[in-house]
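Chemist:
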Amino acid sequence: MSRRSLTLLKNLSNGSRTQTRSVTYMPRPGDGAPRAVTLIPGDGIGPLVTNAVEQVMEAMHAPVYFEKYDVQGEMSRVPAEVMESIRKNKVCLKGGLKTPVGGGVSSLNVQLRKELDLFASLVNCFNLPGLPTRHENVDIVVIRENTEGEYAGLEHEVVPGVVESLKVITKFCSERIAKYAFEYAYLNNRKKVTAVHKANIMKLADGLFLESCREVAKKYPGITYNEIIVDNCCMQLVAKPEQFDVMVTPNLYGNLVANTAAGIAGGTGVMPGGNVGADHAVFEQGASAGNVGKDSIVRENKANPVALLLSSAMMLRHLQFPSFADRLETAVKRVISEGKCRTKDLGGQSTTQQVVDAVIARLE
Amino acid sequence: MTMAATFAKRLIGSRSSQILCTVNSTSSTASTSVARAFCSSTTPITATLFPGDGIGPEIAESVKKVFTTAGVPIDWEEHYVGTEIDPRTQSFLTWESLESVRRNKVGLKGPMATPIGKGHRSLNLTLRKELNLYANVRPCYSLPGYKTRYDDVNLITIRENTEGEYSGLEHQVVRGVVESLKIITRQASLRVAEYAFHYAKTHGRERVSAIHKANIMQKTDGLFLKCCREVAEKYPEITYEEVVIDNCCMMLVKNPALFDVLVMPNLYGDIISDLCAGLVGGLGLTPSCNIGEDGVALAEAVHGSAPDIAGKNLANPTALLLSGVMMLRHLKLNEQAEQIHSAIINTIAEGKYRTADLGGTSTTTEFTKAICDHL
């Protein structure tokens, strides 16, 4: 995704205003009818950034319309009407939902993923041209199992002062996430899939995960497969991130690896991502779905909308509107590379609205 | 009379019986140590040394040489990993080795390669369980003169070492479904939190951050946090904060200067401490110290035994040397610790003598000599 846009970007920066078209996408008749997408603004910076997306979609006249629902992180369950809407529309865009720490309320993000069986979470971490970071040549896709593992939520107090938490790994879930990872690599022309694990200590649990990955790897002989232990993986990410391409991980390690990779490539404010299952897809800011920013950012309207804008571009491609997706991505990348309009987390001083206006101005 | 006075002074200290034992058993060194006692008022401390495998013996030699040149009053008791399984410990480490560490209360360990095979416990696991090493402390700071992408790292990771996800309790429920237990107890969490705050206080650190995932694992990490909060109340001068681990990872790679002391359960500690080691230059430069009950401290080099460069005088002894410095600080021999530490930093900063892994061409012996010259 980033490679194609880079060529487009190069052409644009050369001064020529004519966009080189790739082979035209031939839609089915009636595909241009507007699609309904559920929109959950969420908490904290959520409403700010989802508003940004709405404005940009409006400006592009994209064939999507949003059905907005208010959900707060403190609610004990996602309201039934919201779930119904997502089941009907099949696609959802959401801001972050903050989970109160240690509060006895289970995370709504996790609930949503489990109920809709969104078993794969995908974060694409890549260097944006024009945004200086300490690491170059980063283009990593982290595919993380989203439903089981350490997030099974099965905890109990054995006796006072001793608590147990169960980590559950099943062959079924490990297999389907491995299959998704290799399929993604195959469809997106990626050359390497790395499985992240800690099987030297958790021999049975992560051992089962690795077994499933190895079985699926045999069916894709054109894709290189290797394995790496999670602590070594984090060290290598910080030292030599260019060695990684697609990474497939169980639930908890995926969270850590995705956040580390997002951090080295520019921060969670710019990385797109989403959760996908067999029937539904929910797009959100790449890593750290529970991170809704500080209150000061909300008050001053300085949240970074880039992550959600790029995720909505992923959503447009998922809905099979590739041309709109390309236009949106190109505009966002131009704004970043010009460097004049950047929010606080990227080292600038702009507000969310200023970034949105800049993006709309640069839409083709 | 002065001799008796020095011994009397020591009797008041906590290590009285041990010092008397060592003085009684080694009469010849007693005279030299008494002579030294006139100048430095310290009697030699016996410490266990496990050189380890692979490059272990070479770097252990390096440490011994630097310590002797600096005049550190330590007598090394060397123990090697055996070639047969000792039935008393169920592993290749003999009972004598473990008794030695229990007696001396300090030790320095080089890299040990666990022999492949079944029917015995891994060496690190044996040490951990038998000596009850509950906290793993790793200071990570950017070495001036050795440039990495991060210049301003100065943090300490303290990791709970006995329970959590590494309890090793797994079973297959039915075919294709596996469960692994993560255990958190109040006792272990309190113990490691106490050590973290105590360390912060004695080393002049201002902030302790507890790393957790309590928004998802509410009871287990919630218990860990509760214990940390209880201990934090006893140290009002130290700022205490809690950071979710995914935020922590992101903040570490974007701006490591935000952190000071980090305390965490086992798995997160493993990952974060390796991440921090990567920020400053890798495992070849990282010191580490394991703290056990009754004041036992076993400093170790966390890198592997590197069998491919063993015996070729190419190994980098920095990790083991810095771990030795940690050991000295634990023994309150701060002057010599500072001396050796500055010597190491200056040698690396100068850039003339660096081993192959730091991009230079020196051998282990040349590097060691350069450090001794800097003392």
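Chains as they are written, first to last, in my numbering: chain G, 1 to 364; chain S, 365 to 739.
Every residue gets a Cβ at the ideal spot worked out from N, C-alpha and C, and that includes glycine.
#1: Who are L519 (chain S)'s beta bridge partners in DSSP?
#2: Inspect the beta-carbon positions of A120 (chain G) and N146 (chain G) and report whether they are closer than 9 angstroms.
#3: Whose C-beta lies closer than 8 angstroms to the C-beta of A59 (chain G) among residues of the same chain, with five residues either side of it excluded?
#4: Go to Y632 (chain S), then tell me how far its alpha helix (DSSP H) extends in each direction, as first and last residue.
#5: Using a cut-off of 7 angstroms between C-beta atoms, extract the partners of D231 (chain G) located in chain S.
#6: In chain S, what lies closer than 8 angstroms to H135 (chain G) by C-beta?
#7: Roughly how many angstroms separate the alpha carbons of L128 (chain G) and N188 (chain G), rounded to a whole number?
#8: Would you mind sorting K598 (chain S) into buried or exposed? The rule is 16 or more other CB atoms within 10 Å of its CB.
#9: Using the DSSP secondary-structure output, state which residues sit across from D43 (chain G) in a beta bridge.
#10: Which partner residues of A665 (chain S) appear in the DSSP bridge assignment?
#11: Assign T725 (chain S) to buried or exposed, taking buried as 16 or more other Cβ atoms, counted over all protein chains shown, within 10 Å of its Cβ.
#12: Kindly list the residues whose CB is nearer than 7 angstroms to the CB of L622 (chain S), restricted to its own chain and excluding five residues on each side of it in sequence; keep chain order.
#13: Measuring alpha carbon to alpha carbon, tell me which residue in G:G347, G:L309, G:S337, G:D345 is nearest V356 (chain G).
#14: On the CB-based measure, 16 or more other CB atoms within 10 Å of its CB, does S397 (chain S) come out buried or exposed?
#15: How far does the beta strand (DSSP E) with L413 (chain S) in it reach, from first residue to last?
#16: So, do the segment 521 to 532 of chain S and the segment 626 to 633 of chain S have three or more beta carbon pairs nearer to each other than 8 angstroms?
#17: Among residues of its own chain, excluding the 5 on either side of A564 (chain S), which ones have a beta-carbon nearer than 6 angstroms to its beta-carbon?
#18: Can you tell me the Cα-Cα spacing of N275 (chain G) and S461 (chain S), whole angstroms?
#19: Grouping DSSP H, G and I as helix and E and B as strand, with all else coil, what is V65 (chain G)?
#20: Tell me, please, whether the CB atom of N525 (chain S) is closer than 9 angstroms to any CB atom in chain B?
#21: May I ask you to report which of helix, strand or coil DSSP gives S726 (chain S)?
#22: Closer than 6 angstroms by C-beta to V141 (chain G): which residues in its own chain qualify, once you throw out the five before and the five after it? Chain order, please.
#23: Locate the beta strand (DSSP E) running through K546 (chain S), then write down its first and last residues.
#24: In three-state terms, what does DSSP make of L122 (chain G)?
#25: Within this structure, are the beta carbons of V430 (chain S) and A720 (chain S) separated by less than 9 angstroms?
#26: Please confirm whether G509 (chain S) and L684 (chain S) have their CB atoms less than 9 angstroms apart.
#27: For the segment 490 to 520 of chain S, list every residue whose C-beta sits within 9 angstroms of some C-beta in chain G, in sequence order.
#28: Given that a residue counts as buried once 16 or more other Cβ atoms are within 10 Å of its Cβ, and exposed if not, what is T732 (chain S)?
#29: Does G675 (chain S) pass the burial test, meaning 16 or more other C-beta atoms within 10 Å, or should it be called exposed?
#30: Closest Cβ-Cβ distance between L684 (chain S) and chain G: below 9 angstroms?
Modeler: Inspection of the coordinates gives the following:
#1: L519 (chain S) pairs with S:C504.
#2: Judged by their CB atoms, A120 (chain G) and N146 (chain G) are nearer to each other than the 9 angstroms cut-off.
#3: Cβ within range, chain order: I360, L363.
#4: Run containing Y632 (chain S): 630 to 644, per the alpha helix (DSSP H) assignment.
#5: Listed by position along chain S, the residues whose Cβ is nearer than 7 angstroms to that of D231 (chain G) are D634, I635, D638.
#6: Under the 8 angstroms cutoff, chain S gives R513.
#7: Note on geometry: alpha-carbon atoms of L128 (chain G) and N188 (chain G) lie some 19 angstroms from one another.
#8: With fewer than 16 other CB atoms across the displayed protein chains lying within 10 angstroms of its CB, K598 (chain S) is exposed.
#9: In the DSSP output, where bridge partners are listed per residue, D43 (chain G) has none listed.
#10: DSSP, once it has assigned bridges, lists S:P651 as partnering A665 (chain S).
#11: A residue is called buried once 16 or more other Cβ atoms fall within 10 Å of its Cβ, and T725 (chain S), having fewer, is exposed.
#12: Correct list, in chain order: M615.
#13: Comparing Cα-Cα distances from V356 (chain G) to each of G:G347, G:L309, G:S337, G:D345, the minimum goes to G:L309.
#14: Its pLDDT being 38, under 50, S397 (chain S) is placed unreliably by the model, and the measurement read from it follows with that caveat. When all chains shown are included, S397 (chain S) counts as buried.
#15: It spans 409 to 414 - the beta strand (DSSP E) in which L413 (chain S) sits, taken as one unbroken run.
#16: They touch, by the three-pair rule.
#17: Closer than 6 angstroms at Cβ, skipping near neighbours: V572, I602, V625.
#18: When only Cα atoms are considered, N275 (chain G) and S461 (chain S) end up about 53 angstroms apart.
#19: Note that residue 65 (chain G) is Tyr in the sequence shown here, rather than Val. DSSP places Y65 (chain G) in strand when its eight states are reduced to three.
#20: In summary, chain B is missing from the structure at hand, where the protein chains are G and S.
#21: In the three-state DSSP reduction, S726 (chain S) falls in the coil class, being neither helix nor strand.
#22: Cβ within range, chain order: N124, V246.
#23: Start and end: 541 to 549.
#24: In the displayed model, L122 (chain G) falls within a strand according to three-state DSSP.
#25: No, the pair does not count as a contact, with Cβ atoms beyond the cut-off.
#26: Note that the C-beta distance between G509 (chain S) and L684 (chain S) is not below 9 angstroms.
#27: Going along the segment 490 to 520 of chain S in chain order, one finds T512, R513, Y514 with a Cβ nearer than 9 angstroms to chain G.
#28: In the assembly as shown, T732 (chain S) is a buried residue. Its beta-carbon has 16 or more other beta-carbons within 10 Å.
#29: So G675 (chain S) ends up on the exposed side.
#30: Closer than 9 angstroms to the CB of L684 (chain S) there is not a single CB belonging to chain G.
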